[in-house]
Amino acid sequence: GSFPSLTTLMALPGMRDTQTVVKWKFLEHKGPVFAPPYEPLPSNVKFYYDGKVMRLSPEAEEVATFFAKMLDHEYTTKDIFRKNFFKDWRKEMTAEEKAKITDLKKCNFSEMNEFFKAQSEARKAMTKEEKQKIKEDNERILQEYGFCIMDNHRERIANFRIEPPGLFRGRGDHPKMGMLKRRIRPEDIIINCSKDSKHPEPPPGTRWKEVRHDNKVTWLVSWTENIQGSIKYIMLNPSSRIKGEKDWQKYETARRLKKCVDRIRNQYREDWKSKEMRIRQRAVALYFIDKLALRAGNEKEEGETADTVGCCSLRVEHIKLYPENDGQEYVVEFDFLGKDSIRYYNKVPVEKRVFKNLQLFMENKEPDDDLFDRLNTSILNKHLQELMDGLTAKVFRTYNASITLQQQLKELTNAEENIPAKILSYNRANRAVAILCNHQRAPPKTFEKSMQNLQTKIDAKREQLSDAKRELKSAKADAKVRKDEKSKKSKKAVQRIEEQLMKLEVQATDREENKQIALGTSKLNYLDPRISVAWCKKWGIPVEKIYNKTQREKFAWAIDMADEDFEF
DNA sequence: GCGTGTACTTAGAATACAATTC
DNA sequence: GAATTGTATTCTAAGTACACGC
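Written out as structure tokens, the structure reads:
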């Protein structure tokens, strides 16, 4: 195919991308789809305060329903969530409501909660025709609002629906959890499109906040969210040219790092000896980023978000030093909350020089002092930029993830094995990367049960196999001299069942090993898809076994591009 | 350098949908 | 054909990175 080429629009490696490069020449779209307006509850669904029925104003009622819908969620038991919710809810109340409703504990939302549960049951119980109608409506909205024209191509938009109002669900110990996320109106919306396009119309009787024509950015719509005051964007789907080229560029940068990573490693090892503290800190931090695939660790505003860290923002309290541990020398124990408040726990032996440096960095410091007090991401990235054009801290994550997949695939793939076994090897290679990048998930609620079900199936299959073998034996005995049809057939059956059993066993292993590991994130964001495509071609595995439809669309450029001897 | 604002990528959970089982 | 289970998709929060003004 023709996808993609380095167009004149594309940034060259290392070229500053923001505010520098023209991203498109023509952009036309229909604007966002707004959240449906609030529908007041039927009058038989009651809210009780202090045991007595109370009728709420529509504004207060809407916010109450947000809480009522979440009653079964752990969030609603958390003090901070309740406190933030109640404070914001009161802002929406009338003076009378405010005077009366002074204690969240006295609020009874259970009828509301029941109502929404019943509603979702009713939705499930709809007839085929009703479901079909909804599907068609959605399809029409998708066709109208879900696509834009960018430079002669009709491209899929990722999130063309505006986020509906609700209660903010921060991850981890978020100080703002439970706050009211307000409804977004046309007056909040900035539209970005080209001057010579047909501009999207705001809903009747409303206006946009602004219509601008900035072709140095890729977004179509933006608004400012009220919880953190940050900007939200509507952008294109990962299958679009603009995202695909950027993705490709990302992996090309990582491949350039491959060429000079030895030099960089030698450099930072030298820097461990520097007489300048800032250089030693920089060198030890970079070592962690490289060896452990830690994130850069930007500073964050205290009290605005959950307390999480990355490499540069590590504090003394996040590591422990063991001169000797379980027979290993110079062990560092990491224990901190990273992005999304996912815990990072790891015990790693390090070089003596690193260990000594860490001792030095921690000297005379309090637990909540910065480990690298002379370093931040901006200093680190400036240094990296000097080592390689376009190099930043996150490139190491991409590089180490991709190179690990390639190595692991080489190591684990066994030419003799069948396709399911090879796919298990692929998943194991993928898993090695997910572990490196600390991509965890909560074990699925039904995990134990689903393992049990699988085991039951395996047992049944084993039973079936021994039956089939017995059958084969007796068929052979019957056959006397020449092999007859019956024994041939029995043999086939045994083979078929053996294969099925093997497939089930492989599936069980895979699932067990995956209990707390999330493979999707690395597959989607860190692994050069050309490695996987090449592997599929080399071993005759259909690419559909590795990538589902959406993933194949996102990685169309790689599926097009890579042949079986692609090397990352 | 330092604080602030913007644009974009990366992340796990929630939900919708499809496949399978009973 | 209803219920259950597994997978794909959607959602939106939470990161990284860098420009800009001082």
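So that you can map any letter, position 44 of the first sequence is 44 in full-length UniProt numbering, and since no number is skipped, the others follow by simple counting. Glycine included, C-beta positions come from ideal geometry on N, C-alpha and C. All values derive from a computational prediction rather than experimental measurement.
Any idea what DSSP makes of K176, helix, strand or coil? coil
DSSP on K52, reduced to helix/strand/coil? strand
Per DSSP, which residues does M362 bridge with? Please list them. BP columns for M362 are empty, so no partner.
In the stretch 44-97, which residue ranges form an unbroken beta strand (DSSP E) of at least 3 residues, counting only runs that do not cross its ends? 47-49 and 52-54
Drop a sphere of 10 angstroms on the beta-carbon of S450, count the other beta-carbons inside from all chains shown, and report buried for 16 or more, exposed for fewer. exposed
Can you give the beta carbon distance from T398 to K250, rounded, assuming they're within the 8 Å contact cut? 6 Å
Here's the rule: buried if 16 or more other CB atoms are within 10 angstroms of the residue's CB, otherwise exposed. What is M10? Per-residue confidence for M10 stands at a pLDDT of 49, beneath the threshold of 50, marking its modelled position as unreliable; no derived number is given.
Under a Cβ-count criterion, where at least 16 other Cβ atoms within 10 Å of its own Cβ denotes burial, should residue 569 be classed as buried or exposed? An answer regarding residue 569 cannot be provided, because it is not within the stretch 1 to 568 covered by the chain.
What is the DSSP secondary structure of M126, counted as helix, strand or coil? coil
Output the distance between the C-alpha atoms of G178 and V33, rounded to the nearest integer angstrom. 25 Å
What are the partner residues of I419, as DSSP defines its beta bridges? Answer by DSSP bridge pairing: none, since I419 is not bridged.
Just to confirm before moving on: does the CB-CB distance between Q267 and L358 stay below 8 Å? no
Reduced DSSP secondary structure (H/G/I, E/B, other) of S522: helix
CB-CB under 6 Å to K537, same chain, minus the five flanking residues each way: which ones, in chain order? E564
Where E567 sits in the DSSP three-state scheme: coil
Using only the alpha-carbon positions, how far apart do R182 and P165 sit? 5 Å
For V348, which of P367, M362 and D326 has the nearest alpha-carbon? D326
Excluding the five sequence neighbours on either side, which residues of its own chain have a C-beta within less than 6 Å of the C-beta of V309, listed in chain order? G297 and F336
Out of E417, P42, E448 and V395, which one is the CA nearest neighbour of G540? E417
Simplified DSSP state of S313, which is helix, strand or coil: coil
Exposure of L6, with buried meaning 16 or more beta-carbon neighbours within 10 Å: Summary for L6: the model assigns pLDDT 42, below 50, so the residue's position carries little reliability; its value from the coordinates is reported in the next sentence. So L6 counts as exposed.
Residues in the same chain with beta-carbon distance under 6 Å from K195, minus the five sequence neighbours each way, listed in chain order, please. H213
Can you name the residues that DSSP bridges to H153? M150
Taking just the CA atoms, how far does A477 sit from K469? 12 Å
If you reduce the DSSP assignment to three classes, tell me which class F555 lands in. coil
My output table needs one value for T435: the three-state DSSP class, helix, strand or coil. Inspection of the sequence shows that residue 435 is occupied by Ile rather than by Thr. Correct three-state label for I435: helix.
Tell me whether the stretch 225-236 and the stretch 129-145 touch, counting them as touching only if at least three CB pairs, one residue from each stretch, are closer than 8 Å. no
Could you pull out every residue in the same chain whose Cβ sits closer than 6 Å to the Cβ of K46, ignoring the five residues on either side in sequence? V53 and E111
Buried or exposed: which applies to D79, given that a residue is buried once 16 or more other Cβ atoms fall within 10 Å of its Cβ? exposed
Indicate the three-state DSSP secondary structure (helix, strand or coil) for W535 in the structure shown. helix
Over the uninterrupted alpha helix (DSSP H) stretch that includes V395, give me the two end residues. A393 to L412
Give every residue of the same chain whose Cβ lies closer than 7 Å to the Cβ of K457, excluding the five residues on either side of it in the sequence, and list them in chain order. L504
Contact between the stretch 311-320 and the stretch 363-380 (3+ Cβ pairs under 8 Å): yes
Quick one: measure Cβ to Cβ for R431 and E513, integer angstroms, because I've assumed they're closer than 8 Å. 6 Å
Do you know how far the Cα of E129 is from the Cα of F147? 27 Å
Looking only at its chain, what residues have a beta carbon closer than 6 Å to the beta carbon of A293, apart from the 5 residues adjacent to it on each side? R397, N400, L436 and C437
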